[in-house]
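Protein chains in written order, with the numbering used here: chain D, 1 to 166; chain W, 1001 to 1166; chain R, 2001 to 2510; chain Z, 3001 to 3510.
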Amino acid sequence: MKLEIEIDGKTHRVDLNPAGEPGRWTVQLDGQPVEADAHFIRPGVLSLLLEGRAHRIVLDADLAEPALHLDEHRIAWQADDPRSFQRRRRHAAAHGPVTLKASMPGRIVRVLVERGAPVAAHQGIVVIEAMKMQNELKSPKEGRVAELRVMAGDTVASGQILAVIE
Amino acid sequence: MKLEIEIDGKTHRVDLNPAGEPGRWTVQLDGQPVEADAHFIRPGVLSLLLEGRAHRIVLDADLAEPALHLDEHRIAWQADDPRSFQRRRRHAAAHGPVTLKASMPGRIVRVLVERGAPVAAHQGIVVIEAMKMQNELKSPKEGRVAELRVMAGDTVASGQILAVIE
Amino acid sequence: MLQKILIANRGEIALRIIRACHELNIAAVAVYSDADRAGLHVLEADEAYRLGPAPAVDSYLRGNLILDIARRSGADAIHPGYGFLSENADFAQACEESGIKFIGPPASAMRALGTKTNARQVADEAGMPRTPGCVHGLASPEEAADVAQAVGYPVMLKAAAGGGGKGMRAVSRPEDLASAFVAAQSEAERAFGSDEVYLEKLIERPRHIEIQVLADEHGHCVYLGERECSVQRRHQKVIEEAPSPVVSPDLRRRMGEAAVRLALSAGYANAGTIEFLVDDDQNFYFLEMNTRLQVEHPVTELVTGYDLVHLQIQIAQGEPLPFTQSDVHLRGHAIECRVYAEDPDNNFMPSPGRIARLLQPGGPGIREDCGIYEGWVVPMDYDPMLSKLIAFAPTRELAIARMLRALDEYVIGGIRTNLGLFRRILRDDDFSAARIHTGYLDRLLAEPAPASTEHGPTPVIAAALFEAARPAVPPGNGNCAGTANNGSSKSGSRSGWKSAARTAALGGRP
Amino acid sequence: MLQKILIANRGEIALRIIRACHELNIAAVAVYSDADRAGLHVLEADEAYRLGPAPAVDSYLRGNLILDIARRSGADAIHPGYGFLSENADFAQACEESGIKFIGPPASAMRALGTKTNARQVADEAGMPRTPGCVHGLASPEEAADVAQAVGYPVMLKAAAGGGGKGMRAVSRPEDLASAFVAAQSEAERAFGSDEVYLEKLIERPRHIEIQVLADEHGHCVYLGERECSVQRRHQKVIEEAPSPVVSPDLRRRMGEAAVRLALSAGYANAGTIEFLVDDDQNFYFLEMNTRLQVEHPVTELVTGYDLVHLQIQIAQGEPLPFTQSDVHLRGHAIECRVYAEDPDNNFMPSPGRIARLLQPGGPGIREDCGIYEGWVVPMDYDPMLSKLIAFAPTRELAIARMLRALDEYVIGGIRTNLGLFRRILRDDDFSAARIHTGYLDRLLAEPAPASTEHGPTPVIAAALFEAARPAVPPGNGNCAGTANNGSSKSGSRSGWKSAARTAALGGRP
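What follows is the structure, given as structure tokens:
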């Protein structure tokens, strides 16, 4: 099974071939052969033995936003599957009018501007609160509030688009 | 939703009716109404509030052999579904030649008789070992070894039929 | 003897108090908001009653409703934990008046010490050293300027009802005072419903060291040593330890005796903490008294061998303290890490949400007071503390090593946490050498984080294996809880679109 | 200083030693059998190597292979844990000869004390009281009869190489001696590969109390108080505690000093335990010395504040003991429960298999040294110990209450365990009053178990709710991790055959 795995901006070619016994793999990593003994202790928890070295690798959440915990590091990756292509496209498509995104999940406590209003750069747009911490989100640029997608009391997810400044 | 639940040999009629809000139920238990607030904390772990009393109820394994842990008790139940009918039939059908069942999961270390051999009551038939503990299984009655279903080295499950004495 | 205690709190501290109740054969009544129906404190309590919607004002701050639930459920006492109603003297008084024991000091003592300004007056009466400054709220920026002039800059503006750094402003230049005063007032008003602000001289590079006291209702009071709480981020404690590496037996005795004096002079009862600033010359200045159980009480329990919540309950039952000051001996060293749902890589933004994966540490010398479990959804409505991880060992050096070991075992997936921050602090030379003060952590965080190492082939291969098992690992599903299936079985188990897409993708390359 | 330690063991003790290594910045090498590939010790180690098939003779008892792995992996020491190779003097010697440090006593001391008969000879030389009887193996039933005659019945036959009650027979009448002798011999041969059996006078209703000693390689030796291990089932320890409720400071000192004398006279080094029988008149009799870390070492760690595995490693590094006898102080009370995979309702039959559900206790004063996790398949090839649950509190009474609280939090599903047995013991009046001896538990178990209470409506309603959620609860699946879906959604989610069957069933009744 051939895969491309992108970590820290580097893309690696991985070829996984079962090596007979359950859990044993012969891996070609960027052309280099590696013997791997992989065992899922429980869902998302992988015991991986590489030439004697023992690693505990834990899937952060699920494979929608793939990331793993290794030693003290949280490492995100992307694989060559349609979803990740889409994601890249979505990232690429962040042009045109600038969007204002929620910096954390939370509740909108105040909206400081009205739709259509002109705004200065760094002018406050909305105030979002979570876990007793308030956070004023400021306009990334001078312009006009083209869209205002939330109102006071709304609950928003991290990264959700709150407003569009054009 | 109507069910019959058998616990400790007593059968109870239970009628579960959703009470609007998620997790809220109006229960008719043997004709008596009870308000229940049920929430699965995680698979098999139930937080059950009955008129203010808080109970943590844990499914022992799965619903093939249904049992639950409540306070310090492990309580088995049977529900009115085909599988449990079958089980009852199977139990009921334990007549005729007497079977010798494994008292624990383990490995057969010795078989002490041969097929067809006559055996006295309490004569040793097989020796089974698990967790450094050996256990000699004896014939439940005088008779003849009609069947011998295991040999030394076999791994057996608890309750598995090892031999039939007739 | 108390028969049934209602715990007017949530999360790890509610669970910790429930456990103490069960150990003392006392029934525990939990209360919960809609966000906490699946909380551990509801699961482990003997009774549980709903308070209301998630926001604290609609649930855990509804003193009258809580008192009513206590009455209806037949509880004879209420333990407030920390936060929420724990320092609300009116609530304590309402409990007293309705014949329900409030497990904490009498309302009168809470009032005498409840605001920082009142407490500073009590300190003066008890002859306790405190920072120069005023002992009353400031009426205007002008009055603030006068006091600042008198004590000399830099100064600190503080909310009298404050805590956790809210309503605090350090001012080093007169021209900044007025605006800082207004800001502190409005923040105080928003956070505590009182805009009373006072001013004191700012101590340079102070340590935050606090003394745990226990007083029974018969006039006996002891101190249980100190806690070193200098590792703070924006005035929020992050790591606490006991004993303090810099407190000598003599300083401990002097601080402890001053703390006991203060408590007795205020007619204090039950558990309380006197916070001090200690400067480089080991002068100590009274800061405030917390009239409740502290978040960081476990480090004191581990080095003294006492159970503070047991003792709180015994004191509330009118029992005399079961030991005297001379029985109190410190042994070993304890460190506590406050595990928060916040993202150190994103300016410590809160990170509520579902805990998709949880691997918890354990074994020798590790205690975890924890309010979470795998699958728990961390609400956005309360403070971000998930858990308290505490390490105990014979020496500070070994306690640090043990904590690092436990942190390596600890994985929280699905939300971001500050677990990585603790590793950085515990490995820092200044922390190891105990060269810390309340500004230490903010300064450490101002330095560039150590560059993350090259990860090598391991994560790449691991990622590939997770991808290979992908059809078997939809969120929270169990099917891959074996070896990653390989060979024919695997290709068979891969979803159609996936293989197709991959084939195509591969076909597209030479 | 040691850089890398191979742990020649499995389960909770392997993990506990790995943790100590990490705390001391030493790399930990795990070895595993095919049954343990998914074991926690493999998961948490820095390196892991396969030994062979599940049976111990094919894996954890393969000394030469383990030594070879140690060499190849560059380990400079081997920690044997308990059981397996831990008391194998030949293995210890092979380690010494190949320049790999065996973390334990020198082979010579192990030989001197390794068999109970040898140990009794050493005891005599050290002037240590022991039970009357022989100090050599018995050649024949006739010789046994002579010795029995001399010391007087009742007597106890014991395997010289024995442990855990195997090869032991109590004999109260001369006519039973011969058959018991043969039985003991064959059982000893099977269990230990040696049929050496000796005989001693049987002490009536004795307590089993043992002294923990630590000796460095420079002739210093200290005792760390005693452990009370009288709660046994068929000579297998079930509950241990420290300190013993019946040992006075004077008796502790006399037993401790005798233990230290014995250890020094045998040229002992590292951690060891001297087991005694203590009769009602507080006479103590040497039983045997265990030349290794004990299963129950945590209770000693909790009351002394020391970490025995850290100290074992430091001693193995040639360091002198970091403290003297006068530094050793006991504080509080610790109790350990050995959680076994066995079925108390079915004659304590072993119960290996998959742990389908696991809820573990935690919080103040609770330590768990644990080798299991949810989903782990307990192998049938090793002893049935799953976990050690240890409770620490200021007093024995509170330690018992705390353990009961922890047991209430503990649920192990899918296999049977002895968790319920601990509740019964800890609530027993004789145990509370510390009226215990080595026959106590077998006698308690002979009494009818307390009749199980009427469960009331709760389990019925719970069972119905599990059934209602049935389609959502296939083994190990995650879909029901929310509220039990109700109303239309549920009926929709019920599988066809089920509803049909139910409809039919209901239709069949008036």
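Glycine residues also receive a C-beta, built at the ideal position from the N, C-alpha and C atoms.
Quick check on GLN32(D): buried or exposed, where buried means 16 or more other Cβ atoms within 10 Å of its Cβ? exposed
Local Cβ density within 10 Å of GLU65(D), reported as buried at 16 or more and exposed below that: exposed
Should SER3073(Z) be flagged as near chain D, meaning a C-beta pair shorter than 8 Å? yes
Starting from PHE3276(Z), follow the beta strand (DSSP E) in both directions and report where the run begins and ends. 3270 to 3278
Restricting to Cα atoms, I'd like to know which of ASP3146(Z), GLU3397(Z) and THR3453(Z) is closest to LEU2024(R). GLU3397(Z)
Relative to the C-alpha of LEU48(D), which residue among ALA67(D), VAL126(D), GLY9(D) and GLY23(D) is closest? GLY23(D)
Going by other Cβ atoms of all chains shown within 10 Å of its Cβ, with 16 needed for buried, is VAL2057(R) buried or exposed? exposed
Under 6 Å Cβ to Cβ from GLN3518(Z), same chain only, skipping five residues before and after it: list those, please. There is no way to answer for residue 3518(Z), as the model of chain Z reaches only from 3001 to 3510.
Pair within 8 Å by beta-carbon distance, ILE2335(R) and ILE2412(R): no
Classify ALA3139(Z) as helix, strand or coil using the three-state DSSP reduction. coil
Measuring only the C-alpha atoms, how far is HIS2208(R) from SER103(D)? 32 Å
Here's a check: name, in chain order, each residue in its chain whose Cβ is nearer than 8 Å to the Cβ of SER3073(Z), leaving out the five neighbours to either side. The residues are LYS3004, LEU3006, VAL3029, GLU3047 and TYR3049.
Can you tell me whether GLU1035(W) is buried or exposed? The criterion is at least 16 other CB atoms within 10 Å of its CB, across all chains shown. A residue is called buried once 16 or more other Cβ atoms fall within 10 Å of its Cβ, and GLU1035(W), having fewer, is exposed.
Of the residues that make up the stretch 2362 to 2395 of chain R, which ones have a beta carbon closer than 9 Å to any beta carbon in chain W? TYR2373, GLU2374, GLY2375 and TRP2376
Counting only Cβ pairs nearer than 9 Å, list the residues of chain Z close to MET1151(W). Simply none; closest approach about 17 Å.
Please state whether DSSP places ARG2120(R) in a helix, a strand or coil. helix
Through-space distance from LEU2138(R) to GLU2189(R), alpha-carbon basis: Rounded to whole angstroms, GLU2189(R) to LEU2138(R) spans 14 Å at the Cα level.
Let me check understanding here. Comparing Cα to Cα, which of PRO3384(Z), MET3385(Z), SER3351(Z) and ALA3406(Z) lies closest to PRO3361(Z)? Per the Cα distances, ALA3406(Z).
Quick check: is any heavy atom of the ligand ADP less than 7 Å from the C-beta of HIS3437(Z)? You won't find the ligand ADP in this model; it holds no ligand whatsoever.
If we cut at 8 Å on Cβ distances, does TYR2306(R) have a partner in chain Z? yes
With C-beta atoms as the reference, is VAL2278(R) less than 8 Å away from PRO2206(R)? yes
I need the boundaries of the alpha helix (DSSP H) containing ARG2254(R), first residue and last residue. 2249 to 2265
Continuous alpha helix (DSSP H) stretch holding GLY2063(R): start and end: 2063 to 2073
For a quick check, are the C-beta atoms of ALA3161(Z) and GLU3187(Z) less than 8 Å apart? It is not a contact, given that the beta carbons lie outside the stated cut-off.
In chain W, which residues lie with their C-beta within 7 Å of the C-beta of VAL2042(R)? SER1047 and ALA1054
Beta bridge counterpart(s) of GLY23(D) as assigned by DSSP: DSSP, once it has assigned bridges, lists no residue as partnering GLY23(D).
Inter-residue CB distance, ARG3227(Z) and VAL3299(Z) (contact presumed, cutoff 8 Å): 6 Å
For a contact defined as C-beta to C-beta under 7 Å, what are the partners of HIS39(D) on chain Z? Here the neighbours are ARG3037 and ALA3038.
Contacts that LYS132(D) makes with chain R (C-beta to C-beta distance below 7 Å): ASP2383
Please name the residue in VAL2309(R), LEU2043(R) and GLY2114(R) whose C-alpha comes closest to that of LEU2085(R). GLY2114(R)
Short CB-CB distance (under 8 Å) between GLY2165(R) and chain D: no
Using a Cβ cut-off of 8 Å, pull out every chain R residue sitting near VAL27(D), in sequence order please. Neighbours of VAL27(D) across chain R, judged by C-beta separation under 8 Å: ILE2461 and ALA2464.
Length of the line joining the Cα atoms of GLU2275(R) and GLU6(D): 50 Å
Rounded to a whole number of angstroms, what is the C-alpha to C-alpha distance between LEU3251(Z) and ALA3092(Z)? 34 Å
Hey, does ARG42(D) have any beta-carbon neighbour from chain Z nearer than 8 Å? yes
Spatial distance of LEU3262(Z) from VAL3213(Z) (CA atoms): 10 Å
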